[in-house]
Structure formats: structure tokens, C-alpha cells
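Note that numbering that gives the first Met the number 0 gives residue 267 to position 268 of the sequence shown, counting from 1, and the numbers run on in steps of one. Glycine included, C-beta positions come from ideal geometry on N, C-alpha and C. Input: a single structure, listed below in C-alpha cells.
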Amino acid sequence: MKTFTSFFRGPFYIALYTYREGIRKKVLIGFLILSLLVIFGSSFISSFLDPSAETDMDLKLIKDICVTAISIFGVLITIYVSASVVPNEMENRVIYTVLSKPVRRIQYLIGKFLGAQLIIIINLLLMGFLFFMALYLRQGVMPTLLLWSILLTYFEFLIVSAFTFAISCFATSSLVPIIGGLFIYITGNLTEYLKDVEHRAGQTGQAFDEFIGQVASTLHAVLPNLQNFSLKMQIITGQPNDPPTDVLIPNLILYGVLYGLAGFACAYLAFWRKEV
């Protein structure tokens with residue numbers, strides 16, 4: 000027990016340091032403020048202007064805007080944080096000071112990754128809380144479906160964060176992992192399209208067409224299907240206190256954790272080989 004506690008003491012303090020440094024970044028604060036303004040504006044301003052004129056279509060539009068804002072700004076925060084926590088410390092040479100102390104590389108990585116997750120969770124909770132209160136005040140019903148959506152959204156972000164973090168351990172600047180994180184997020188939401196490309200490949204008999212089919216097949220097999228985590232359509236069209244349908248919450252949590260661990264393992268392999 001003492002060994003376990005002493006092992007995680009270092010990562011704990013590194014995670015706290017990472018969180019404190021992260022929340023001071025102007026880009027991160029800008030993303031968060033902009034997202035909260037979009038959610039607040041779409042949720043409250045229309046009712047203040049003319050509450051009696053609200054229709055079911057208006058409410059669906061508001062839900063659509065808020066869910067989209069949480070997804071877009073949330074993933075931008077996720078990618079930015081995950082891409083910068085390690086390269087920034089290498090540029091500032093802080094990493095050399097940390098690793099010169101009795102801190103192993105795996106402890107350092109665990110601390111940085113947990114610190115990034117803490118930033119992501121806090122930002123997601125702030126956006127989700129504002130949307131939650133907006134729905135509750137408008138409909139008078141506890142929007143429990145939104146809580147499930149926020150939970151699944153975090154595990155979606157966990158996957159993107161883990162692999163962006165892994166790319167950042169290979170790279171020497173934040174730009175490459177940011178591009179890589181965007182690629183993972185976009186293609187992860189297009190896996191059904193990749194499957195369709197795979198099925199249509201080879202119909203022309205051309206070598207290039209078959210090559211595209213092989214690439215699509217490989218990406219479809221390797222990349223996570225991030226659409227599995229989305230409850231957007233149910234939130235927009237369903238009742239706020241409906242249970243999630245067509246999804247198995249425990250399976251998706253396990254799916255997200257396994258991909259997250261795979262991404263962190265890639266990060267450790269990259270960082271272990273890195274000359275620091």
C-alpha cells in the first residue's frame with residue numbers, strides 16, 4: 000500500500016500543476032468563454048425576448064445549437080490541451096527539471112495525462128451545467144438524458160485526448176498533434192462513411208480504386224467509431240428525462256477506456272524512446 004501511494008504521489012502533484020498551468024492559458028479560456036456564450040445565447044435570449052412565441056421547433060433548434068457547441072468547443076479544448084502539455088514543457092525546458100528529480104517517466108506521463116483529463120472534465124461540466132439548467136428552467140423536467148450524454152461525451156473526448164497526447168510525445172511542437180487530433184476526431188465520426196467506401200471499392204476494377212478501398216478498410220478497422228457516443232438526435236427529438244436508447248452505457252465506457260489505455264500506451268512507448 001505504501002509503495003502504491005508513493006508511486007502515485009508524484010503523478011498527483013504533476014496533475015495538479017498541469018491543471019493550474021492549463022487553466023491560465025488564454026486560448027483555453029477563450030474557447031470556454033465562447034462556448035458558454037453560444038450556449039447561453041441560444042438557450043436564454045430568445046425566451047427573454049418573447050417567451051410566448053416559443054415553438055417545439057425553436058426548442059429543437061436550441062438543443063441542436065447547444066449540443067453542437069459542446070461537441071465543437073469541447074473537442075477543441077481537448078485537442079489543444081492534450082497536444083500542448085508535453086511539447087510546451089520541452090520548449091520551456093521544465094521537463095528536464097522534473098525528470099532530474101526522483102520521478103520516473105511513466106509517473107511524469109501519468110501526471111500530465113491526468114492533469115489534461117482534469118481540465119477537459121471541468122470544462123465539459125461547466126458547459127454541460129449551463130445547458131442542463133437551461134433545459135430544466137425551460138421544460139420544468141430534470142433533463143437526465145443530458146447527464147448520460149455528457150458522460151458519453153467525456154469518453155469520446157478521452158479517446159481523442161489519448162491519441163492526441165500520444166502524437167504529442169512523438170512531436171517536438173504542438174502543431175503536429177493538433178492536426179493529428181483533428182484527423183482522429185473527424186475520421187472517427189466518419190467511420191460509417193469509410194465502411195461505405197470500403198464496400199464500393201473495386202467496382203471499377205482500377206488499381207487506385209482498390210487502393211482507396213484498402214485504406215478505407217484499414218482506417219475503419221483501426222479508428223474508433225466516435226458516433227457511438229452521440230445522443231444528439233435523441234436529445235433533440237426526445238423527452239429530456241428519457242433513458243438512452245440504442246446504446247449500452249457500460250459497453251461504451253469500456254470501449255472508451257480501452258481506446259484511452261491504448262492511446263496512453265502509445266504515448267509511453269514514444270516518450271520512453273525520446274531523448275530527454
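Residue burial is scored here from C-beta neighbours: residue 242 has fewer than 16 other C-beta atoms within 10 angstroms and is therefore classed as exposed.
Counting the other Cβ atoms within 10 Å of the Cβ of residue 92 gives fewer than 16, which makes it exposed.
The beta carbon of residue 175 lies closer than 7 Å to those of 166 in the same chain, with the five residues before and after it left out. With a cutoff of 9 Å on beta-carbon distance, residue 11 and residue 123 are scored as not near each other. For residue 164, the closest C-alpha among the options 76, 246, 61, 129 is that of 76. Taking 9 Å as the cut-off, the Cβ atoms of residue 197 and residue 216 count as close. Of the other Cβ atoms in all chains shown, 16 or more fall within 10 Å of the Cβ of residue 126; this residue is therefore buried. For residue 172 and residue 270, the gap between their C-alpha atoms comes out near 14 Å. Distances from the alpha-carbon of residue 117 to those of 156, 97, 135 put 156 closest. Closest option to residue 35, judged by alpha-carbon separation, among 226, 129, 253: 129. Contact check for residue 94 against residue 85 passes: the beta carbons are separated by less than 9 Å. Taking the C-beta atoms as reference points, residue 110 is found nearer than 9 Å to residue 17.
Annotation for residue 147: 243 place their beta carbon closer than 6 Å to its own, counting only its chain and skipping 5 residues before and after. Non-local beta-carbon contacts of residue 218 in its own chain, meaning distances under 7 Å to residues more than five positions away in sequence, involve 186, 193 in chain order. By the Cβ criterion, the segment 228-238 is in contact with the segment 60-77, since at least three pairs of Cβ atoms, one from each stretch, lie closer than 8 Å. The three-state secondary structure of residue 17, taken from DSSP, is helix.
Here residue 90 is exposed, its C-beta having fewer than 16 other C-beta atoms within 10 Å. Exclusion of the five residues before and after residue 108 leaves 266, 267, 270 as the residues of its chain whose Cβ lies within less than 7 Å of its Cβ. Counting only unbroken stretches of 4 or more residues, the alpha helix (DSSP H) elements lying wholly within the segment 146-222 are 174-187, 190-199, 206-221, in sequence order. Around the beta carbon of residue 250, fewer than 16 other beta carbons lie within 10 angstroms, which makes this residue exposed.
Secondary structure remark: continuous alpha helix (DSSP H) runs of at least 4 residues inside the segment 223-274, in chain order: 231-236, 248-272.
Here the alpha carbons of residue 115 and residue 182 stand approximately 19 Å from one another. In the structure shown, residue 127 falls within a helical segment according to DSSP collapsed to helix, strand and coil.
Separation of the CB atoms of residue 63 and residue 235 is rounded to 5 Å, and the pair is thereby assigned contact status at 8 Å. Scanning 259, 205, 179, 96 for the CA closest to the CA of residue 161 turns up 259. Sixteen is the threshold: when 16 or more other Cβ atoms of the shown chains lie within 10 Å of the Cβ of residue 30, as they do, the residue is buried. The beta carbon of residue 169 lies closer than 6 Å to those of 269 in the same chain, with the five residues before and after it left out. Taking a contact as a CB-CB distance under 8 Å, the pair residue 22 and residue 65 does not count as one, their CB atoms being some 23 Å apart.
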